[in-house]
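Engineer: Please see the structure below; I have some questions.
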Amino acid sequence: MKFIEGGICAVEGVRAGGIKPGKMGLAVIQAEGNAAGVYTRNKVIAAPLVVTRDHISKTGKLSGVIVNSGNANAFTGVQGLADARIMASSLASKLGVEEELIGVASTGVVGRKLDTSWITTHLNEVLDLMGEDADASMSAARSIMTTDTVPKEIAIEMDSGIRIAGIAKGSGMIEPNMGTMLGFVYTDAEVDPDVLQSCLTVAVDKSFNMIVVDGDTSTNDMVLLTATGQSGITPEIADLQAGLDLVLTELAKMIAIDGEGATKLIESKVTGAATEEDACLVAKAIVRSPLVKSAIFGQDPNWGRVVVAAGYSGADMDQTKISLSFSAGTEVVELVKDGEVVKNDEDALKSLKSIMNQDEIFIITDLGMGHESATAWGCDLTYDYVRINAEYTT
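The sequence shown begins at 7 in the working numbering and counts up by one.
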C-alpha cells in the first residue's frame with residue numbers, strides 16, 4: 007500500500023466541500039454506497055448520533071453526510087432531535103435522496119440549542135463549493151475543526167487497487183470509547199454492510215479507541231465508513247482490514263499530537279501482557295496519567311510515574327517482572343529490567359531528559375506476564391491545555 011494525495015476525494019465517487027467563516031462551520035460529503043458506523047459509549051448521546059445510527063441501521067447505506075462545527079447539539083432534548091432531522095432533510099432534498107440516506111454529525115459546545123437557520127442558510131453555499139479534488143477534501147476537513155490547530159486527512163492506495171481515505175477532527179475531550187472526535191472514511195471497494203461494520207469496529211478499537219488527550223469521553227464521537235464500490239473490486243477482508251487499520255491509526259495519531267496545547271506525541275507500547283485487554287489497560291493508563299504527561303512536558307525524568315500508572319491500570323502484573331525503556335529517534339535508555347532498576351544515575355537521567363525533549367517519545371513497557379501487546383497514543387499536558395479549556399466558551 008502507498009500514501010496518495012487528495013484526501014477523501016482521492017476515492018472515486020466522493021465529492022466534498024465546506025466553509026468555516028468563524029466558530030461555526032459546515033461541511034457536506036456526498037458519496038453513495040454501503041455504510042457502517044461506530045459511535046460514542048458516553049450515555050449522554052448527542053442528537054445527530056441518534057439520528058445517524060437509526061438511519062444506517064435501517065438502510066445500511068449512505069448517500070451523504072452533513073456536519074456542523076461550533077455546536078454539538080448534545081443534551082438538547084426533543085428539540086435537538088428535531089434539529090438533527092432538519093439537517094438531514096435539508097441535505098436530502100438538495101441531493102434528491104431519501105432522508106434516511108443522510109448521516110448527520112455535530113461538534114462543539116454541549117447544551118446549547120442549534121441554530122438550524124444558519125445551517126440551512128449556508129447549505130447552498132457549501133453545495134456550490136463542492137468538488138472532487140484535494141482542495142475540496144481539505145475544505146471539508148477544515149470546516150469541521152473546533153480547537154484543532156490543523157486539518158486531518160489521509161488517503162492510501164492498496165496493492166489490490168482499492169483506495170481508502172479519511173478526514174477527522176479532534177483535539178480535546180479525547181479518550182475514546184471514543185473522544186470528541188469525528189471521522190469520515192471512504193473506500194471505492196465493493197463491500198457488504200456487515201463486512202464494513204466488522205472491519206470498522208476492529209480498526210476503531212486499534213486506533214481511535216487507543217488515543218488519550220485528557221481522559222474525557224465526548225457525547226458526539228462518530229466514525230462513519232462508506233464504500234462507493236466505484237473500483238469494482240471486492241477485496242479480501244484481510245486486505246481491507248489492513249488498509250482501514252492504517253488509515254484510522256494515522257488519523258488517530260494526528261489527533262493525539264494535535265491535543266489541546268500539546269507539544270509532544272507520546273507512544274506507549276506494552277508487550278508481554280497476559281491478555282490483550284491487560285496490554286490495552288496499561289498502554290492507555292500511561293498516556294492518560296496527568297503525572298506522566300506533565301513530566302514529559304517539563305522534560306522531568308521522573309520515570310517512576312510510568313511504573314505507578316501501570317500498577318493502577320487494573321491489569322494483571324507482577325512488579326518483579328516489569329521492564330521499562332524510553333526512546334526517541336536513535337536514542338534509547340533502558341531504565342528497568344525484570345523488576346530491577348538498571349540505571350538511575352545522573353547520566354541515565356540526562357539521557358532520559360534528552361529523549362523527553364524530542365517531539366515524539368516512545369515508552370516501551372514489558373510486563374513479562376505473557377505474549378500479548380498493545381499500543382496507545384497521547385500527548386503531553388501543558389499550560390495551554392488549561393488555558394484553552396478555561397476559555398472555551400468565552
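Beta carbons are placed, not taken as given, at the ideal position from N, Cα and C, and that holds for glycine.
According to DSSP, simplified to helix, strand and coil, what is G238?
Structural biologist: Of the three classes helix, strand and coil, the one that applies to G238 here is coil, per DSSP.
Engineer: For K158 versus L257, is the C-beta spacing smaller than 8 Å?
Structural biologist: Cβ atoms of K158 and L257: closer than 8 Å.
Engineer: CA-CA distance, E163 and L246?
Structural biologist: If I take the Cα positions, the gap works out to 11 Å.
Engineer: Alpha carbon to alpha carbon, what distance is there between Q325 and N79?
Structural biologist: Distance between the alpha carbons of N79 and Q325 is about 46 Å.
Engineer: If the criterion is Cβ atoms closer than 8 Å, does the pair E366 and L252 meet it?
Structural biologist: Contact flag unset, no.
Engineer: Do T381 and A244 have their C-beta atoms within less than 8 Å of each other?
Structural biologist: No.
Engineer: Please state whether DSSP places M184 in a helix, a strand or coil.
Structural biologist: Caution is warranted here: a pLDDT of 40 is assigned to M184, below 50, making its placement in the model unreliable, and no coordinate value can be reported.
Engineer: Quick one, are the C-beta atoms of S407 and I370 less than 8 Å apart?
Structural biologist: Summary: the structure shown does not reach residue 407, with the chain confined to residues 7 through 400, and so no result is reported for it.
Engineer: Answer yes if the segment 15 to 34 comes into contact with the segment 135 to 153, meaning at least three C-beta pairs across the two stretches below 8 Å, and no otherwise.
Structural biologist: Touching, per the Cβ criterion.
Engineer: Would you list the one or two residues that DSSP bridges to E366?
Structural biologist: Beta-bridge pairing links E366 to L271.
Engineer: Counting along the chain, where does the beta strand (DSSP E) carrying L230 start and finish?
Structural biologist: 228 to 233 is the span of the beta strand (DSSP E), which, as asked, contains L230.
Engineer: Mark V50 as exposed unless 16 or more other C-beta atoms lie within 10 angstroms of its C-beta, in which case mark it buried.
Structural biologist: V50 should be labelled exposed.
Engineer: Can you look up L387 in the DSSP assignment and give me helix, strand or coil?
Structural biologist: Here L387 sits in coil by DSSP.
Engineer: Grab the span of the alpha helix (DSSP H) containing N350 for me, first residue to last.
Structural biologist: Per DSSP, N350 belongs to no alpha helix (DSSP H) and is neither H nor E.
Engineer: What is the DSSP secondary structure of E340, counted as helix, strand or coil?
Structural biologist: If DSSP states are grouped into helix, strand and coil, E340 belongs with the strands.
Engineer: In chain order, what residues of the same chain lie with their CB nearer than 7 Å to the CB of A140, ignoring the 5 residues before and after it?
Structural biologist: Only E11, G12, G13, C15 meet the Cβ criterion.
Engineer: Pull up the distance between the alpha-carbon of W309 and that of V339, whole angstroms please.
Structural biologist: Using only the alpha carbons, I get a separation of about 11 Å.
Engineer: Whole angstroms is fine: what's the gap from L355's alpha carbon to S274's?
Structural biologist: Each residue's Cα considered, the two are about 19 Å apart.
Engineer: Considering only their Cβ atoms, is the gap separating I302 from M260 smaller than 8 Å?
Structural biologist: The answer is no: Cβ separation not under 8 Å.
Engineer: On the three-pair Cβ rule with 8 Å, is the segment 80 to 88 touching the segment 58 to 67?
Structural biologist: No, they do not touch.
Engineer: Drop a sphere of 10 angstroms on the beta-carbon of K175, count the other beta-carbons inside from all chains shown, and report buried for 16 or more, exposed for fewer.
Structural biologist: K175 is buried by the Cβ-count criterion.
Engineer: Between S333 and the rest of its own chain, which residues show a CB-CB distance below 6 Å, the 5 nearest in sequence each way excluded?
Structural biologist: Once the five neighbours on either side are set aside, the close Cβ partners of S333 are F368.
Engineer: Residues in its own chain within less than 7 Å of K119 by CB, not counting five upstream and five downstream?
Structural biologist: T82, Q85.
Engineer: Which two residues bound the contiguous alpha helix (DSSP H) that contains I92?
Structural biologist: Taken as a continuous stretch (DSSP letters only), the alpha helix (DSSP H) holding I92 covers 83 to 101.
Engineer: Sort A33, E105, L387 by Cα distance to D264 and report the nearest one.
Structural biologist: Nearest C-alpha to D264: L387.
Engineer: Report, in whole angstroms, the separation of the C-beta atoms of A146 and I173, which I expect to be a contact under 8 Å.
Structural biologist: Indeed they touch by this definition, with Cβ atoms about 6 Å apart.
Engineer: Starting from K158 and walking both ways along the beta strand (DSSP E), at which residues does that stretch end?
Structural biologist: Per DSSP, K158 belongs to the beta strand (DSSP E) from 158 to 163.
Engineer: By Cβ distance, which residues of its chain are closer than 6 Å to A291, with the 5 residues on each side in sequence left out?
Structural biologist: Around A291: A315, S319.
Engineer: What is the rounded straight-line gap between the Cα of T336 and the Cα of I160?
Structural biologist: Roughly 27 Å between the two C-alpha positions.
Engineer: Could you please give me the residues that DSSP links to L32 through a beta bridge?
Structural biologist: Paired residues: I25, N74.
Engineer: For K119, name the three-state secondary structure that DSSP assigns.
Structural biologist: In the structure shown, K119 sits in coil (DSSP, three-state: anything other than H, G, I, E or B).
Engineer: Going by beta-carbon coordinates alone, are V218 and V293 separated by less than 8 Å?
Structural biologist: Going by C-beta atoms, V218 is nearer than 8 Å to V293.
Engineer: Should G31 and M151 be called a contact, given that it needs their Cβ atoms to be closer than 8 Å?
Structural biologist: Yes, these two residues count as a Cβ contact at 8 Å.
Engineer: Could you check what DSSP says for D222 in three-state terms: helix, strand or coil?
Structural biologist: With a pLDDT of 48 at D222, under the threshold of 50, the modelled position of that residue is not reliable, and the figure given next carries that caveat. Residue state, collapsed to three classes: coil.
Engineer: Candidates V191, D121, E346, G167: which alpha carbon is nearest E242's?
Structural biologist: Of the listed residues, the one whose Cα sits closest to E242 is G167.
Engineer: Let me check one thing: in DSSP terms, what residues is Y45 bridge-paired to?
Structural biologist: DSSP lists M228 as partners of Y45.
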